[in-house]
Amino acid sequence: MQKLIGNAIVGQSGGPTAAINATLAGVIRGAQESNVIPKIYGARNGIEGVLARRLIDLSALTAENLSLLETTPAAALGSCRKKLPADFEGENRKIFEDIIEIFKEYDIRYFFYIGGNDSMDTVLKLSRFTKEIGYEMRVMGVPKTIDNDLAGTDHTPGYGSAAKYIATTMQEILRDTAVYTVKAVTIVEIMGRDAGWLTASAALPSLYSDVAPDLVYLPEVPFNYDEFFEDLTKAFEKHPNVVVAVSEGIRLADGTYVGEGTQSGVTDAFGHKYLSGTGKALEIAIKEKFGCKVRSVELNLPQRCASHIASKTDLYESAAIGRHAVRYATFGESGKMMIFTRLEGDRYKVYVDSADIAGIANAVRKVPREYINERGNNVTAQCLSYIAPLIVGEPEIIFENGLPKHFHF
């Protein structure tokens, strides 16, 4: 493959994670090590920042800067949820032409986009447009999402740290709720619109401790109120304090979200409803049915920003996949997303590879049915064995005055 010499742009998009900046640090390191990328720019607020020319030069960041960046939560460059047009016709074409003009202005030949499902849609469209107009450049998707729902990869950067936070918090909630003898239910609502990977991690304490949530409900299995009440009744026979983990996206058999009555109905640029209120809906239903003490807890933003308890494995892999993205691009890859492939065997090991973005963009990878028990109210040992290695290890966090130190531009 003939060398392609030119500058690079990296952007972050979608919901932040505790590991997305580790991936950014990996991309920057990869560019600094390359002999074909003179400069690497960061686009503030993703593709929106490209169109607005909000670009900053990242080329001179030091090793110390990048190490601190790796353990900083959220998206250091800012994020966006901008959806590019579906085609290149009429007025839509001008948006893509504007992007290419900016690329030419800054001599951009490499574009790295760190994000989830919707971000890979941007990678796919830019890759197709540059190819159509004959502008030589390499466009690469670098995965990120706590939801772990990207197709084509064993898991996604960011998931391991979120899973670790959820499992830890669930274990602490279980300890707290077990101190009383009063009959009570605690509903813990966890992120996950279409895939229940995050909620599944709530059951991890069962592998290592004497506590575990009594019931776990994922969106992959239709939710049934009558069966739910039966499950609660059986759980009460074991102990007075019942703890339930639920995905925010659990639905009834007709597809209606359980929490739909408590939601605003507002959607984002990609047509996704903003979800919340599932725990509250179940809280109300339990109160009416059993008349017992009941509370709902929504873990909310800490699931994706709790870097103080990040997974060392996750941060290491996140940085590595960013670095490999640059290497693959300089070797001639384009229109691809970087992926993890897990090797067979008892010992956890993965390697980094790439896959065609066309088979990944806009697809959702759900929890396999064999990872959920027959009743649909918990996960299996096979599921927990898959998740467990992803939360291993604790990174070295720098503290100042009792608080973690963060990097910012």
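FYI, the numbering for the sequence shown is 22 to 430, going by my numbering. Ideal placement from N, C-alpha and C gives every residue a C-beta, glycine not left out.
Check	Outcome
Leaving out the 5 sequence neighbours to the left and right, which residues in its chain are closer than 6 Å to T351 when beta-carbon positions are compared?	S55 and V57
For R130, which residues from the same chain have a beta carbon less than 6 Å from its beta carbon, with the 5 sequence-adjacent residues on both sides left out?	L25, G27 and M158
Taking three-plus beta-carbon pairs below 8 Å as touching, is the region 374-386 in contact with the region 137-149?	yes
Taking the Cβ atom as the reference point for each residue, do V265 and V203 lie within a distance shorter than 8 Å?	no
Hey, T92 and L322 are a contact pair by Cβ (cut 8 Å); roughly how many whole angstroms apart?	Not really, about 18 Å apart at Cβ, beyond 8 Å.
At 4 residues or longer, and completely inside the region 294-330: list those alpha helix (DSSP H) runs for me, N to C.	299-311 and 323-326
Does DSSP put T401 in a helix, a strand or coil?	coil
Once DSSP output is grouped into helix, strand and coil, what is the label at T207?	strand
What separation, rounded to the nearest whole angstrom, lies between the Cα atoms of A43 and A224?	27 Å
Using 10 angstroms around the beta-carbon of E421, count the other beta-carbons present and answer buried if the total reaches 16, otherwise exposed.	exposed
From which residue to which residue does the beta strand (DSSP E) around K357 run?	K357 to R363
How long is the line joining the alpha carbons of F109 and Q23, rounded to whole angstroms?	29 Å
What does F420 pair with, by DSSP beta-bridge criteria?	P425
How many angstroms separate the CA atom of P164 from the CA atom of T177?	6 Å
Tell whether a beta-carbon distance below 8 Å holds between M359 and V373.	yes
Taking the beta carbon of G217 as the centre, do at least 16 other beta carbons fall within 10 Å, making it buried, or is it exposed?	buried
Report the residue from T254, R348, G276 and F361 whose alpha carbon sits nearest the alpha carbon of G312.	T254
Would you please state the rounded distance, in angstroms, between the beta carbons of V388 and L239? I believe it to be under 8 Å.	6 Å
If we count Cβ pairs, one from each stretch, closer than 8 Å, do we get three or more for the region 89-108 versus the region 327-334?	yes
Specify the secondary structure class of M158 as computed by DSSP and reduced to three states.	coil
Mapping DSSP to helix, strand and coil, what is L55?	The residue asked about is misnamed: residue 55 is Ser in this sequence, not Leu. Coil, per DSSP.
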